[in-house]
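K.L.:
Chains as they are written, first to last, in this note's numbering: chain A, 118 to 403; chain B, 90 to 453.
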């Protein structure tokens with residue numbers, strides 16, 4: 118690997134190697150305030166490479182691999198190099214994480230307590246997490262929340278927030294002074310723009326929080342909410358976890374403890390203003 | 090820290106002599122862990138280094154690897170039990186990783202286990218297939234050429250995967266493809282196998298060594314070879330080599346077994362502890378221990394040293410990211426693996442079919 122950068126997100130260290138200079142330079146700039154992996158030893162490596170030597174120059178396309186790989190991962194154009202790096206890190210977490218139960222959820226903290234939000238792509242996980250950050254919550258992450266099986270606490274994973282399509286202008290309006298990455302059109306998820314978490318999110322990223330509320334948001338419906346039973350929460354979170362099966366008994370114990378002790382609600386919302394009011398109301402009623 | 094010349098030697102050194110890791114800096118640990126993952130030896134390494142002083146970040150990664158291997162062991166034993174229940178009257182012999190953990194062998198400590206490999210008598214393979222299909226296993230290979238190829242020429246059924254547990258089973262009736270130039274005595278493997286308490290069976294240690302050598306040198310392209318040779322090293326340390334030469338000759342695998350012993354001793358022999366990394370002996374393939382000199386149709390010693398060195402070149406071909414290097418050497422071994430598996434005209438036909446379908450060897 119010709120170009121290298123290392124960084125730490127939450128409790129997880131990464132080393133990213135790349136055949137091209139630009140993605141590493143962009144990544145290093147966006148992650149400039151993040152710490153380096155402990156002891157100079159990353160948990161995971163990401164490889165961004167050209168499938169054949171000449172493809173570095175002719176129609177360059179970035180293949181994504183690392184310590185853990187999936188066959189046939191589709192390459193991305195060089196202009197989406199930062200996205201490739203993010204996907205590479207997500208891939209390592211999804212396939213290789215064994216210390217924490219990994220939930221596909223965004224998370225935000227207030228008063229030492231964590232709010233988890235999970236749902237399918239497009240439900241608004243990233244958008245709502247970014248907007249909560251704008252309202253003074255500590256962002257813990259927009260993609261993964263990590264449950265420590267030993268303590269039941271939530272560890273954050275505050276990587277770059279990945280804003281998609283109509284969320285980009287909404288969050289830009291809410292956070293006019295924030296740092297954003299380049300606009301990427303035509304990604305597998307449409308228009309995408311990265312948002313750098315604020316200074317507080319980065320400074321406190323190693324601090325875990327006690328899980329206090331689990332939300333299942335859905336965007337694009339009349340405002341509504343209903344309680345979700347622990348049984349349904351359990352099943353939905355097994356589906357939202359990439360390593361639940363691989364963790365075996367530890368994963369089962371961690372998840373059953375979580376759903377037994379933490380209340381869950383499903384909320385439908387037509388717009389983000391409504392969603393913020395719903396979240397604040399549910400949170401203050403805890 | 091580790092250049093292209095020594096490659097995966099950093100991992101071999103750490104397995105052979107865990108004290109060598111005391112000299113590693115952050116980059117050295119990063120390289121070691123990346124290569125150990127790539128060679129599927131990180132669980133083994135984690136057990137070898139357990140309790141030694143090391144940086145906290147490395148300790149965490151290795152603790153995760155141990156937990157992961159332990160969960161893998163549980164899952165592998167459960168999968169073996171599932172197969173046993175479906176094939177209650179079959180003398181099913183567990184092979185490779187699952188056999189090592191089922192019998193509590195040192196080769197199984199921390200070992201990563203993928204598929205369940207099981208050996209059944211050839212005249213009962215159709216029965217085994219029908220029973221597995223009825224119990225929830227399904228075909229993996231959708232391609233009719235692959236399916237027909239397995240059935241006609243291979244030493245195992247086309248792989249089956251269980252639809253609920255998502256785990257693969259390879260049902261073997263012998264340990265080398267039918268097209269290979271060597272024909273091991275499969276009936277003797279089963280007849281002499283040893284019973285476990287639960288009704289499943291394992292090969293005798295000598296047959297385990299013959300199987301490991303056959304798999305490594307008469308079948309595959311040496312991918313995963315460092316792990317295979319670690320298995321060989323552990324089996325020899327635990328059981329010795331009494332009667333091995335005669336057994337290997339009986340199966341027609343004397344040359345392969347001798348090479349496996351030589352290479353595993355060259356890489357992992359405890360006699361080499363303290364000699365430090367980057368030893369010249371490895372590169373020249375200098376014969377190191379007496380046990381490596383088995384009788385059999387061996388080439389002259391100069392020739393042998395040269396080919397051993399070539400094998401080592403292939404086995405150690407990793408860079409500091411765990412990525413494979415030495416594309417040409419690997420391509421050579423890929424072609425060789427097919428050459429050994431089938432006669433030339435069949436080989437030509439097979440590779441033509443595969444390449445037309447877009448299969449490329451040794452990518453990445």
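Using N, Cα and C, we set each Cβ at its ideal position, and we do this for glycine too.
Going by DSSP in three states, residue 187 of chain A sits in which element: helix, strand or coil?
P.N.:
Coil.
K.L.:
Residue 311 of chain A: which of A:276, A:320, A:290 and A:319 sits nearest, CA to CA?
P.N.:
Answer by Cα proximity: A:276.
K.L.:
Which residues in chain B have a C-beta closer than 7 Å to the C-beta of residue 190 of chain A? List them in chain order.
P.N.:
Those within 7 Å of residue 190 of chain A in chain B number zero; the least Cβ separation is about 11 Å.
K.L.:
What do you get for residue 369 of chain B, buried or exposed, if any count of 16 or more other CB atoms within 10 angstroms of its CB means buried?
P.N.:
Residue confidence for residue 369 of chain B is low, a pLDDT of 40 falling below 50, so the modelled location carries little weight; the figure read from the coordinates is stated next. Exposed, because fewer than 16 other Cβ atoms sit within 10 Å of the Cβ of residue 369 of chain B.
K.L.:
Apart from the five residues just before and just after residue 410 of chain B, which ones in its own chain have a Cβ nearer than 7 Å to its Cβ?
P.N.:
Closer than 7 Å at the Cβ level, and outside the excluded window around residue 410 of chain B, lie 123.
K.L.:
Counting only beta-carbon separations shorter than 9 Å, does residue 229 of chain B have a partner in chain A?
P.N.:
It does not: the Cβ of residue 229 of chain B has no partner Cβ on chain A nearer than 9 Å.
K.L.:
Pick out the complete alpha helix (DSSP H) segments inside the segment 309-339 of chain B, 4 residues or longer, and give them in chain order.
P.N.:
Listed in chain order, the complete alpha helix (DSSP H) runs (minimum 4 residues) inside the segment 309-339 of chain B are 314-328.
K.L.:
Please report the residue range of the beta strand (DSSP E) in which residue 257 of chain A lies.
P.N.:
Unbroken beta strand (DSSP E) run through residue 257 of chain A: 255-258.
K.L.:
Round the Cβ separation of residue 103 of chain B and residue 138 of chain B to the nearest angstrom and send it over; I've been treating them as touching at under 8 Å.
P.N.:
So it is a contact: roughly 7 Å between Cβ atoms.
K.L.:
Expressed to the nearest angstrom, what Euclidean distance is found between the alpha-carbon atoms of residue 146 of chain A and residue 295 of chain A?
P.N.:
Their backbone Cα atoms lie some 14 Å apart in a straight line.
K.L.:
Taking residue 233 of chain A as the reference, give the member of A:325, A:239, A:224 and A:248 with the closest Cα.
P.N.:
Nearest of A:325, A:239, A:224 and A:248 to residue 233 of chain A, Cα basis: A:224.
K.L.:
Are any of the Cβ atoms in chain B nearer than 9 Å to that of residue 297 of chain A?
P.N.:
So no, residue 297 of chain A is outside the interface.
K.L.:
Measure the CB-CB distance between residue 413 of chain A and residue 378 of chain A and report whether it falls below 9 Å.
P.N.:
Only positions 118 to 403 of chain A appear in the structure, and residue 413 of chain A is not among them; the question remains open.
K.L.:
If I measure Cβ to Cβ from residue 339 of chain A and keep anything under 7 Å in the same chain, skipping five residues before and after, which residues do I get?
P.N.:
If we look at residue 339 of chain A and ignore the five residues flanking it on each side, its Cβ neighbours are 385 and 387.
K.L.:
Would residue 260 of chain B and residue 245 of chain B be called neighbours here (beta carbons separated by less than 9 Å)?
P.N.:
Cβ atoms of residue 260 of chain B and residue 245 of chain B: closer than 9 Å.
K.L.:
So if I threshold CB-CB distances at 8 Å, which residues from the segment 107-139 of chain B count as touching chain A?
P.N.:
Of all residues in the segment 107-139 of chain B, 114, 115, 116, 118, 119, 122, 123, 126 and 127 have a Cβ within less than 8 Å of some Cβ in chain A.
K.L.:
When you compare only the Cα positions, how much space is there between residue 290 of chain A and residue 370 of chain A?
P.N.:
Rounded to whole angstroms, residue 290 of chain A to residue 370 of chain A spans 42 Å at the Cα level.
K.L.:
Any C-beta of chain E within less than 8 Å: which residues of the segment 410-422 of chain B qualify?
P.N.:
The chain labelled as chain E is not found among the protein chains of the depicted structure, namely A and B.
K.L.:
Between which two residues does the alpha helix (DSSP H) carrying residue 185 of chain B extend?
P.N.:
Residues 185-191.
K.L.:
At which residue ranges does the segment 212-285 of chain B contain complete alpha helix (DSSP H) runs of 4 or more residues, listed in the order of the chain?
P.N.:
Correct list: 214-223, 233-242 and 275-280.
K.L.:
Residues of the segment 147-159 of chain B with a CB closer than 9 Å to any CB of chain A: list them in chain order, please.
P.N.:
If the cut-off is 9 Å between Cβ atoms, the segment 147-159 of chain B has 147, 149, 150, 152, 153, 154, 156, 157 and 159 near chain A.
K.L.:
Verify the CB distance criterion: does residue 118 of chain A have a CB-CB separation below 9 Å to chain B?
P.N.:
Residue 118 of chain A counts as touching chain B.
K.L.:
Using the three-state DSSP reduction, which class does residue 355 of chain A fall into: helix, strand or coil?
P.N.:
It is helical.
K.L.:
If I measure Cβ to Cβ from residue 158 of chain B and keep anything under 6 Å in the same chain, skipping five residues before and after, which residues do I get?
P.N.:
Hits under 6 Å: 132 and 199.
K.L.:
Are any of the Cβ atoms in chain B nearer than 9 Å to that of residue 134 of chain A?
P.N.:
Chain B, which has a Cβ nearer than 9 Å to the Cβ of residue 134 of chain A, makes this yes.
K.L.:
Could you give the distance in angstroms between the alpha-carbon of residue 167 of chain B and the alpha-carbon of residue 251 of chain B?
P.N.:
Going by the C-alpha atoms only, they are around 13 Å apart.
K.L.:
Assuming residue 274 of chain A and residue 220 of chain A are in contact, meaning their beta carbons sit under 8 Å apart, how far apart are those beta carbons, in whole angstroms?
P.N.:
In fact, because the Cβ distance is near 10 Å, the residues do not count as touching under 8 Å.
K.L.:
Going by the C-beta, is residue 103 of chain B closer than 8 Å to any heavy atom of the ligand GTP?
P.N.:
This structure lacks the ligand GTP; in fact it carries no ligand of any kind.
K.L.:
Chain B partners of residue 364 of chain A, CB-CB under 8 Å?
P.N.:
Those within 8 Å of residue 364 of chain A in chain B are 160.
K.L.:
Buried or exposed, going by whether 16 or more other CB atoms sit within 10 Å of the CB of residue 373 of chain A?
P.N.:
So residue 373 of chain A ends up on the exposed side.
K.L.:
What are the start and end residues of the alpha helix (DSSP H) that includes residue 391 of chain A?
P.N.:
Its alpha helix (DSSP H) spans residues 389-401.
K.L.:
Compare the C-alpha of residue 445 of chain B against each of B:321, B:317 and B:234 and name the closest.
P.N.:
It is B:234 whose Cα lies nearest to the Cα of residue 445 of chain B.
K.L.:
Counting only beta-carbon atoms, is residue 158 of chain A nearer than 9 Å to chain B?
P.N.:
Chain B contact via Cβ: present.
K.L.:
In chain B, which residues lie less than 8 Å from residue 265 of chain A when you measure between Cβ atoms?
P.N.:
Within 8 Å Cβ-Cβ: nothing; residue 265 of chain A doesn't reach chain B, min ~12 Å.
K.L.:
Counting only Cβ pairs nearer than 9 Å, list the residues of chain B close to residue 154 of chain A.
P.N.:
In chain order: 115, 119 and 146.
K.L.:
Identify which residue in A:326, A:142, A:380 and A:353 has its Cα closest to the Cα of residue 265 of chain A.
P.N.:
For the residues A:326, A:142, A:380 and A:353, the minimum Cα distance to residue 265 of chain A belongs to A:326.
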